[in-house]
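Mind the numbering: the sequence shown is residues 1 to 213 in full-length UniProt numbering, read in order. From the three backbone atoms N, C-alpha and C, an ideal C-beta is built for every residue, glycine too. All figures in this text were calculated on a predicted structure; none of them were measured in a lab. To start, the structure itself, in structure tokens.
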Amino acid sequence: MSNLKEIVLKEYTKRYETCISAPAQSSNGFQPSCSADADVIQAVAKFENSGLFPAADGNSYPFHVKGVISFTQIDSQTTRIHAAVQGTHAFLFDSQYFSLHVHEKGETNPSCSSTGGHYNPCNKNHSDDPTVEDRHVGDVARVSIPVTFTSSSDILEFERIDTQVKLNGPLSVLGRSVTVHGGSKSTRVGCGTIAVTEWEGANHPDAVALIAG
């Protein structure tokens, strides 16, 4: 079974191979590049947090959740979002899903109270369905947790293509945060600031720092 470090290294390698093999220019005019002076095409948010999860049954359950969320701007209209999250089994005491949202501000404390509200620059309605047009930019995903997840070592991976999250331009999510919400009360259980990273393979110092610990 893969562990979280192996998954992240695999993603780094995949990004690097995609970057160096990208065509000079795509059909819509977007030009992929890995150079430092090009548009940002890769970003990542890392989070880890522990505490007590307040469940709907009135009890609190200990949790330890960590993960890595990566963003790849494929072209000017679409961004690929990949997530690897560990520790989601704790939320099964309350609900069989968790949500990921981009929030207005970067993370400055483990409680995630400093991240503000959902990123919603266009003043749209909140939606649990990230595929609809009328949603916050920050409504990234609502993820079902398999009932087979009964151990803190279980890792849930998912990815999707998004048409509203952007790494470039006036509505860029860079510097904002990804916040993990658990259970029916949408409790903030983990968050990390979305930062530019150099995806130059698994041996790059950024990759080593990301998976350390």
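Using a 10 Å radius around the Cβ and a threshold of 16 neighbouring Cβ atoms, would you call residue i buried or exposed?
i: glutamine 86; result: buried
i: alanine 90; result: buried
i: isoleucine 20; result: For isoleucine 20, the predicted structure reports a pLDDT of 41, less than 50, and the residue's modelled location is therefore unreliable. The matter cannot be settled from this model.
i: leucine 52; result: exposed
i: histidine 101; result: buried
i: lysine 166; result: buried
i: glutamine 77; result: exposed
i: threonine 88; result: buried
i: histidine 112; result: According to the sequence displayed, residue 112 carries cysteine and not histidine. That one is buried.
i: serine 184; result: exposed
i: serine 70; result: buried
i: proline 130; result: buried
Just to check my reading of the structure: residue i and residue j have Cβ atoms closer than 8 angstroms, yes? What is that Cβ distance to the nearest angstrom?
i: isoleucine 194; j: alanine 83; result: Contact flag wrong, Cβ pair sits at about 12 angstroms.
i: threonine 115; j: threonine 187; result: Not quite, the Cβ-Cβ distance comes to about 13 angstroms (not below 8 angstroms), so this is no contact.
Among the options, which residue has its Cα nearest to the Cα of residue i?
i: asparagine 120; options: Asp134, Arg188, Arg160 and Gly67; result: Asp134
i: alanine 45; options: Gly106, Gln73 and Arg188; result: Gly106
i: isoleucine 161; options: Arg80, Asp75 and Asn125; result: Arg80
i: glutamine 73; options: Lys185, Gly169 and Cys191; result: Gly169
i: valine 147; options: Phe98, Ile41 and Phe47; result: Phe98
i: serine 153; options: Pro130, Ala56, Gly67 and Thr131; result: Gly67
i: serine 95; options: Phe149, Gly175 and Ala56; result: Ala56
Below 8 angstroms between beta carbons: does that hold for residue i and residue j?
i: asparagine 59; j: proline 110; result: no
i: valine 189; j: phenylalanine 93; result: no
Between which residues of its own chain and residue i is the CB-CB distance below 8 angstroms, once the five residues before and five after are set aside?
i: phenylalanine 158; result: His82, Ala83, Ala141 and Val143
Keeping to the same chain, check which residues put their C-beta closer than 6 angstroms to that of residue i; ignore five residues upstream and five downstream.
i: serine 127; result: Arg135 and Asp139
i: serine 172; result: Lys166
So, for residue i: in the same chain, excluding its five sequence neighbours on each side, which residues have a beta-carbon less than 7 angstroms away from its beta-carbon?
i: glycine 117; result: His103 and Glu104
i: threonine 163; result: Gln77 and Thr78
i: proline 54; result: Ser60, Lys185 and Thr187
Nearest chain B C-beta to residue i closer than 8 angstroms, yes or no?
i: proline 121; result: Absent here is chain B; the protein component of the structure consists of one chain.
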